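Only one structure is covered here, and it is reproduced in the block below.
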Amino acid sequence: MTRTAIDLTGVACPMNWVRTKLALERLAPGDELAVRLDPGEPIESVPRSARDDGHAVAVEGHVVTIIKR
Amino acid sequence: MTLSESELERYSRQLVLPEWSGEAQERLKSATAIVVGAGALGSPAATYLAAAGVGHLGIVDEDAVELSNLHRQPLHFTPDVGRQKAENAALKLGVLNPEVQVDPYPVRIAEQNAPAIVMGADVVVDCSDSFATRYVVNDACCAQRVPLVEAGVLGFDGLVLSIQPGESACYRCAFPAEPPAGSVPSCREAGVMGATAGIVGSIQALEAIKLITGVGEPLVDRILQLDARGMEQTIVSTSRREGCPACGRLTAAPQSA
């Protein structure tokens, strides 16, 4: 199990989800990805997209932690 | 094969799709698609394949653009009348998406050159306008096990069939014999509603993308029939025909794709 962090502040929707999704593709199931996002639409939207794709998601402040399914 | 920053942005609205992935996008990028015909079906089919990021496109057409083509062939514009369709299509597609390589083949596809044209392709999209050409393309694709998307359009009617040679019905399995001359009006006699060809050619592009990437379920062993008058779509089952001269000798799945 690995833990990776990416900073996507300044990256608008939906490119932030594109980058999150591609980062997740490179991980193995169970790996953790921490994504720092801008407040507002990004921090609301990216966790929702990740949940919709079946990943486990936790949000703390402006960082969403995604455990790859 | 990795995607550049500009490719990520260009393809972002398909990369976000739950059905889609970076891997699917990379498969498209490394794929070769041959589009036979740069006319009514070929215009939308090639446009969407280039736009979606199919890395290598071959456009086969020997004809020149005519004024009477323009109502249904939106790759060709009024100032293009007289130009080679394959060359003009390659030029337009290259402007649409410089990330993809488009090669024009300004030739008529026939029995002799078809094997060389389809060789090595990941998919062939048959946008030709004659039964004879469809059989030629089908036979060449079957012989080399190249996946194929067949289609036809006339008036407000269209049909589409995707083919995995050796695994699903080929065009000859579904339509064993060419209709007798005169029983089906030619395109020129019957006319084509341009937007009907737009729908059918777009479906062909989508089928080719599905065949390349494995995303979704292509129309294999299923013929989609469209009657655009009432916008009715019917799916008719078909299956491999024993002793089919094109694909009868092929055995299913000799190797993984």
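Line by line, the protein sequences are chains C and X. Residue 47 is where the first sequence starts when you use our numbering, and the numbers rise one by one after that. Residue -4 is where the second sequence starts when you use our numbering, and the numbers rise one by one after that. Glycine included, every Cβ here is placed at the ideal spot set by N, Cα and C. Here the structure is a predicted model, which is why all the values come from computation and not from measurement.
So the candidates are X:179, X:60, X:160, X:194; which of them puts its Cα closest to the Cα of residue 153 of chain X? As a first step, residue 153 of chain X is located in the second sequence; it is residue number 158 there, counting from the start. Residue 153 of chain X has its Cα closest to that of X:194, out of X:179, X:60, X:160, X:194.
Could you give the distance in angstroms between the alpha-carbon of residue 200 of chain X and the alpha-carbon of residue 92 of chain C? Position 205 of the second sequence, counted from the start, is the residue given in the question as residue 200 of chain X. Position 46 of the first sequence, counted from the start, is the residue given in the question as residue 92 of chain C. Answer to the nearest angstrom: the Cα atoms are 30 Å apart.
Is there a C-beta anywhere in chain C that falls below 9 Å from the one on residue 69 of chain X? Position 74 of the second sequence, counted from the first residue, corresponds to residue 69 of chain X. Answer no: the Cβ-Cβ gap between residue 69 of chain X and chain C never drops below 9 Å.
For residue 72 of chain X, count neighbouring Cβ atoms within 10 angstroms of its own Cβ and tell me buried if that reaches 16, exposed if not. Taking the second sequence and counting its residues from 1, the one referred to as residue 72 of chain X is at position 77. Exposed, since its Cβ has fewer than 16 Cβ neighbours within 10 Å.
Tell me the rounded alpha-carbon separation between residue 107 of chain C and residue 94 of chain C. Here residue 107 of chain C corresponds to residue number 61 of the first sequence, with the count starting at 1. Here residue 94 of chain C corresponds to residue number 48 of the first sequence, with the count starting at 1. Distance between the alpha carbons of residue 107 of chain C and residue 94 of chain C is about 15 Å.
Comparing the C-beta of residue 208 of chain X with each C-beta of chain C, is any distance below 9 Å? Taking the second sequence and counting its residues from 1, the one referred to as residue 208 of chain X is at position 213. No, its Cβ sits nowhere closer than 9 Å to a Cβ of chain C.
Rounded to whole angstroms, what is the Cα-Cα separation between residue 66 of chain C and residue 150 of chain X? Counting from one through the first sequence, the residue named residue 66 of chain C turns up at place 20. Counting from one through the second sequence, the residue named residue 150 of chain X turns up at place 155. Residue 66 of chain C and residue 150 of chain X: Cα-Cα distance of roughly 46 Å.
Does residue 87 of chain X have its Cβ less than 9 Å from a Cβ in chain C? Position 92 of the second sequence holds residue 87 of chain X. No, residue 87 of chain X does not count as interfacial toward chain C.
The alpha helix (DSSP H) enclosing residue 14 of chain X, as first and last residue numbers: Locating residue 14 of chain X in the second sequence gives position 19, where the first residue counts as 1. Counting along the chain, residue 14 of chain X falls outside any alpha helix (DSSP H), and DSSP gives it neither H nor E.
Which runs of the alpha helix (DSSP H), 4 residues or longer, sit entirely within the stretch 69 to 94 of chain X? 80 to 91
Could you give the distance in angstroms between the alpha-carbon of residue 179 of chain X and the alpha-carbon of residue 173 of chain X? Translated into the one-based positions of the second sequence, residue 179 of chain X becomes position 184. Translated into the one-based positions of the second sequence, residue 173 of chain X becomes position 178. Those two C-alpha atoms are separated by around 10 Å.
Buried/exposed call for residue 93 of chain X, threshold 16 Cβ in 10 Å: Counting from 1 along the second sequence, the entry for residue 93 of chain X is found at position 98. Flag for residue 93 of chain X reads exposed.
Since residue 191 of chain X is in the alpha helix (DSSP H), which residue starts that stretch and which ends it? Working through the second sequence from its first residue, we reach residue 191 of chain X at position 196. First-last of the alpha helix (DSSP H) with residue 191 of chain X: 189 to 208.
Proximity test, Cβ basis, 9 Å: residue 79 of chain C and chain X: Numbered from 1 along the first sequence, position 33 holds the residue referred to as residue 79 of chain C. Chain X, which has no Cβ nearer than 9 Å to the Cβ of residue 79 of chain C, makes this no.
When you compare the CB of residue 256 of chain X with every CB in chain C, is at least one pair closer than 9 Å? Limits of chain X in this structure are -4 at one end and 252 at the other, which puts residue 256 of chain X out of reach.
Can you tell me whether DSSP reads residue 111 of chain C as helix, strand or coil? On the first sequence, position 65 is the one that residue 111 of chain C refers to. Taken through DSSP and simplified to helix, strand or coil, residue 111 of chain C comes out as strand.
Please report how far the alpha carbon of residue 133 of chain X lies from the alpha carbon of residue 122 of chain X, in whole angstroms. On the second sequence, residue 133 of chain X is found 138 positions in, with the first residue counted as 1. On the second sequence, residue 122 of chain X is found 127 positions in, with the first residue counted as 1. Computed Cα separation, rounded: 12 Å.
Would you give the residue range spanned by the alpha helix (DSSP H) that residue 82 of chain C belongs to? Your numbering for residue 82 of chain C matches position 36 in the first sequence. It is not in any alpha helix (DSSP H) - residue 82 of chain C instead sits in the beta strand (DSSP E) that spans 78 to 82.
DSSP on residue -1 of chain X, reduced to helix/strand/coil? Your numbering for residue -1 of chain X matches position 4 in the second sequence. DSSP, reduced to helix, strand and coil, places residue -1 of chain X outside both helices and strands of the structure shown, so it counts as coil.
Is the shortest distance between the beta-carbon of residue 4 of chain X and the beta-carbons of chain C less than 9 Å? Counted from its first residue, the second sequence places residue 4 of chain X at position 9. Cβ-Cβ to chain C under 9 Å: yes for residue 4 of chain X.
Residues near residue 252 of chain X in its chain [Cβ-Cβ closer than 6 Å; skip 5 each side]: For the purposes of this step, residue 252 of chain X is identified with residue 257 of the second sequence, where counting begins at 1. At residue 252 of chain X the pLDDT is 46, less than 50, meaning the model places this residue with poor confidence; the figure from the coordinates comes in the next sentence. Same-chain partners within the cutoff: there are none.
Which residue wins for smallest C-alpha separation from residue 118 of chain X, given the options X:51, X:226, X:224, X:189? Within the second sequence, residue 118 of chain X is the residue found at index 123, counting from 1. Closest option to residue 118 of chain X, Cα to Cα, is X:51.
Along the stretch 64 to 88 of chain C, what residues have a CB closer than 9 Å to any CB found in chain B? Annotation note: the requested chain B is absent from the structure, which comprises protein chains C and X.
Quick one: what does DSSP say residue 6 of chain X is sitting in, helix, strand or coil? The sequence position of residue 6 of chain X within the second sequence is 11, counting from 1. Residue 6 of chain X: coil per DSSP, three-state reduction.
What are the complete beta strand (DSSP E) segments, minimum 3 residues, inside the stretch 112 to 191 of chain X? 118 to 121, 143 to 149, 152 to 158
Give the range of the alpha helix (DSSP H) segment to which residue 95 of chain C is assigned. Sequence index remark: in the first sequence, residue 95 of chain C carries index 49 (1-based). Counting along the chain, the alpha helix (DSSP H) containing residue 95 of chain C begins and ends at 87 to 98.
Quick check on residue 93 of chain C - is its C-beta less than 9 Å from some C-beta in chain X? Your numbering for residue 93 of chain C matches position 47 in the first sequence. Not an interface residue.
Given residue 112 of chain C, which residues of its chain have a CB within under 6 Å of its CB, disregarding the five upstream and five downstream residues? As a first step, residue 112 of chain C is located in the first sequence; it is residue number 66 there, counting from the start. Hits under 6 Å: 79, 96, 101, 103.
Determine whether the beta carbon atoms of residue 45 of chain X and residue 97 of chain X lie at a separation below 9 Å. Counting from one through the second sequence, the residue named residue 45 of chain X turns up at place 50. Counting from one through the second sequence, the residue named residue 97 of chain X turns up at place 102. In this structure, residue 97 of chain X lies closer than 9 Å to residue 45 of chain X by Cβ.
Looking at residue 36 of chain X: is its Cβ nearer than 9 Å to the Cβ of residue 146 of chain X? As a first step, residue 36 of chain X is located in the second sequence; it is residue number 41 there, counting from the start. As a first step, residue 146 of chain X is located in the second sequence; it is residue number 151 there, counting from the start. A Cβ-Cβ contact shorter than 9 Å links residue 36 of chain X with residue 146 of chain X.
Does any residue of chain C bring its CB to less than 9 Å from the CB of residue 22 of chain X? Position 27 of the second sequence holds residue 22 of chain X. So no, residue 22 of chain X is outside the interface.
By DSSP's criteria, residue 43 of chain X is part of a beta bridge. Which residues make up the other side? Here residue 43 of chain X refers to the residue found at position 48 of the second sequence. Residue 43 of chain X pairs with nothing; no bridge assigned.
9 Å Cβ cutoff met for residue 68 of chain X and residue 209 of chain X: Locating residue 68 of chain X in the second sequence gives position 73, counting from the first residue. Locating residue 209 of chain X in the second sequence gives position 214, counting from the first residue. With contacts defined by Cβ atoms closer than 9 Å, residue 68 of chain X and residue 209 of chain X do not form a contacting pair.
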